[in-house]
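Residues 1 to 246 (our numbering) make up the sequence shown, in order.
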Amino acid sequence: MDKIGNLIYAGKAKDVYEYEDNNKVVVKFRDDISAGDGEKKDSLVKKGYYNSLISSKLFEVLEESSIKTQYLKLLKPQYILSKKLKMIPLEVISRNLAAGSLLRNFPFQEKQKLEPPIIQMDYKNDKYHDPMLNDDIIIALKISTKEELNEIRAITKKINHLLSKFLDEKEIILVDFKLEFGKDQDGNIVLGDEISPDTCRYWDKETLDTLDKDIFRKGQGNVMNAYEKVFNRVVDEDDLKKWNID
Ligand code: TMP
């Protein structure tokens with residue numbers, strides 16, 4: 001087992017640890033789940049297992065199409081070796097169908113197709129409760145430059161295209177998702193964080209059943225059954241063999 005060092009940062013569902021190589025970190029996916037600005041919390045057996053493997057697979061899919069990501073390899077379930085990034089405090093949300101806060105905040109119809117997809121940027125800041133930003137605010141706060149925002153939008157569009165296609169083949173509709181980006185040592189913009197049922201809306205293509213954290217947010221039943229379904233559709237036997245998982 002590779003060397004995992006001291007805890008650098010503990011988030012709501014993941015921990016980040018130092019690694020023997022100072023340019024890398026180990027991200028641990030915990031079993032914790034939270035919603036509503038951290039107000040609703042629980043711990044669900046196997047959640048860290050499923051999310052770490054689903055996220056690994058989706059990052060590998062993106063890497064195969066030349067998207068630069070933080071992902072290096074799955075060390076073992078729940079533990080991903082990642083490039084160290086300086087994170088940009090933006091939650092970049094991409095939406096294909098109207099759901100969630102878009103319906104609470106604006107007069108969209110539920111399930112309305114958004115053509116072209118909407119890209120929204122929220123400020124990742126607990127103190128200010130993650131408010132929606134616009135380009136002028138982002139630039140004035142010196143979070144990113146205009147050029148960096150253009151690049152982040154272009155990468156997000158490409159990711160939406162790649163993931164929508166991959167998941168469609170697995171009978172899953174990618175309704176919306178949230179990305180986080182950071183900068184590597186050379187100043188390149190790199191995709192970080194995770195892509196999992198915690199950070200996306202997935203609907204079953206046939207039944208339109210929810211297969212993501214909305215089940216927990218709304219208290220609508222067994223969340224892990226949904227995560228297990230996504231896992232079974234997204235991760236195959238060859239992936240498990242490659243990762244040395246029985
Ligand atoms: P929203 O409709 O609640 O704004 O969420 C849009 C998408 O972003 C949805 O797929 C869930 C994801 N998301 C996160 O991953 N973290 C967050 O803190 C929020 C608010 C949303």
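The C-beta atom is built at its ideal place from N, Cα and C for all residues, glycine as well.
Since the model is a prediction, treat every value here as computed from it, not as a measurement.
With a cutoff of 8 Å on beta-carbon distance, lysine 205 and isoleucine 172 are scored as near each other. For the 8 Å CB-CB criterion, isoleucine 189 and isoleucine 155 form a contact.
Counting only residues of its own chain and dropping the five nearest sequence neighbours on each side, histidine 129 has a CB closer than 8 Å to the CB of Asp37.
If you compare the alpha carbons of Asp42, Lys3, Gly48 and Leu53 with that of glutamate 237, the shortest gap goes to Leu53. Taking the C-beta atoms as reference points, serine 34 is found nearer than 8 Å to alanine 13.
In the DSSP assignment, leucine 163 falls within the unbroken alpha helix (DSSP H) covering 146-168. Distances from the CA of lysine 170 to each of Gly192, Gly187 and Lys229 were compared; the closest alpha carbon is that of Lys229.
Asparagine 22 and valine 235 have their C-alpha atoms some 30 Å from each other. Note on the stretch 103-143: whole alpha helix (DSSP H) runs with a minimum of 4 residues are 135-140, in chain order.
Here alanine 10 carries a strand assignment [DSSP, helix/strand/coil]. Around the Cβ of valine 26, a 10 Å sphere holds 16 or more other Cβ atoms; the residue is buried. Apart from the 5 residues on each side of it in sequence, lysine 24 sits with its Cβ closer than 7 Å to the Cβ of Leu72, Leu81, Ser82, Lys83 and Lys84 in its chain, given in chain order. Judged by DSSP secondary structure, valine 235 falls outside any alpha helix (DSSP H); it is assigned neither H nor E.
For valine 92, there is no enclosing alpha helix (DSSP H); the residue is found in the beta strand (DSSP E) stretching over 90-97. Placement of the Cβ of arginine 30 at a distance of 7 Å or more from every heavy atom of the ligand TMP is found. Selection Tyr9, Pro77 and Tyr50 evaluated against asparagine 244 yields Pro77 as nearest (Cα-Cα). For leucine 208, the number of other beta carbons within 10 angstroms of its own is below 16, and it is reported as exposed.
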